[in-house]
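Q:
Numbering (the working numbering), first residue to last: 543 to 725.
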């Protein structure tokens with residue numbers, strides 16, 4: 543038995559139940575619009591994913607599972623938010639200025655974003671707010687589930703993190719979106 547997932551109607555934004563089948567049309571019971579669910583273009587799905595993480599899934603033959611997890615657990619059937627995109631611009635700016643550097647590792651949980659280390663004290667600017675960090679701290683993009691779970695307003699985690707040797711899909715976690723769905 544497949545679990546239903548909640549997505550939004552592309553026309554009116556109403557919540558809809560979807561069985562997660564790619565290529566299967568959904569009709570909105572509120573406005574009557576019929577569409578085939580897809581969060582974004584294929585290119586944008588990988589916006590937050592470290593290329594090495596993606597390559598590992600591809601080499602293991604499980605890239606489709608990662609893509610599905612990103613689309614419907616991480617992105618929740620929607621597009622990346624303005625703050626998500628702002629985070630990418632800010633981290634790129636800080637990297638270009640030599641304030642942070644990308645590590646040869648990525649976050650253990652899907653979508654497996656790159657990890658950055660602060661080379662000196664500084665701050666990200668997101669949503670008009672200054673988010674400070676100290677030299678040596680690691681900076682990681684925070685997915686919506688993490689933001690919800692820890693009541694974090696901005697899509698960023700800053701701390702000293704431990705390495706994890708296991709990669710995990712969001713849908714495998716106990717607080718996954720599908721586990722919070724109401725029938």
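Where is the CB? At the ideal position from N, CA and C, for every residue including glycine.
Using 8 angstroms as the threshold, is the C-beta distance between residue 618 and residue 686 below it?
A: Against a cut-off of 8 angstroms, the Cβ pair of residue 686 and residue 618 comes out as a contact.
Q: Is residue 547 closer than 8 angstroms to residue 557 when the C-beta atoms are compared?
A: No. Outside cutoff.
Q: Output the distance between the C-alpha atoms of residue 684 and residue 593, rounded to the nearest integer angstrom.
A: Rounded to whole angstroms, residue 684 to residue 593 spans 17 angstroms at the Cα level.
Q: Quick one: residues in its chain with C-beta nearer than 6 angstroms to the C-beta of residue 699, no 5 flanking neighbours on either side, listed in chain order?
A: Result list for residue 699: 682, 684, in chain order.
Q: How long is the line joining the alpha carbons of residue 587 and residue 613, rounded to whole angstroms?
A: The straight-line gap from Cα to Cα measures roughly 7 angstroms.
Q: Going by DSSP, what residue range makes up the alpha helix (DSSP H) through residue 519?
A: Within the shown structure, residues of the chain are numbered from 543 to 725, placing residue 519 beyond reach of any answer.
Q: State yes or no: is the C-beta of residue 652 within less than 8 angstroms of the C-beta of residue 611?
A: The answer is yes: Cβ separation under 8 angstroms.
Q: With a floor of 3 residues, list each beta strand (DSSP E) that falls wholly inside the stretch 630-678, ordered by position along the chain.
A: Counting whole runs of 3 or more residues, the stretch 630-678 contains the beta strand (DSSP E) stretches 642-648, 656-660, 664-668, 671-675.
Q: Does the stretch 640-647 come within contact of the stretch 655-672, defined as at least 3 CB pairs closer than 8 angstroms?
A: Taking 8 angstroms as the limit for Cβ pairs, the verdict is that the stretch 655-672 does touch the stretch 640-647.
Q: Just curious, the beta strand (DSSP E) that residue 557 is in, first and last residue?
A: That run of the beta strand (DSSP E) goes 557-560.
Q: At which residues does the beta strand (DSSP E) containing residue 600 begin and terminate?
A: Looking at the DSSP string, residue 600 is not in any beta strand (DSSP E); the run it does join, the alpha helix (DSSP H), is 593-601.
Q: Quick one: what's got a C-beta closer than 6 angstroms to residue 560's C-beta in the same chain, skipping five residues either side?
A: Cβ within range, chain order: 547, 549, 568, 579.
Q: What number of angstroms, rounded off, separates the C-alpha of residue 680 from the C-alpha of residue 703?
A: Looking at the two C-alpha atoms, the distance is approximately 7 angstroms.
Q: How would you label residue 591, buried or exposed, when you count the other beta carbons within 10 angstroms and need 16 or more for buried?
A: By the 10 Å Cβ count, residue 591 comes out buried.
Q: What do you get for residue 694, buried or exposed, if any count of 16 or more other CB atoms within 10 angstroms of its CB means buried?
A: Classification of residue 694: exposed, given that the 10 Å Cβ count is below 16.
Q: From 623, 554, 632, pick the residue whose C-alpha is nearest to that of residue 577; which is it?
A: It is 554.
Q: Count the other C-beta atoms from every protein chain shown that fall within 10 angstroms of the C-beta of residue 629, then say buried if there are 16 or more, exposed otherwise.
A: Its Cβ being crowded by 16 or more others within 10 Å, residue 629 is buried.
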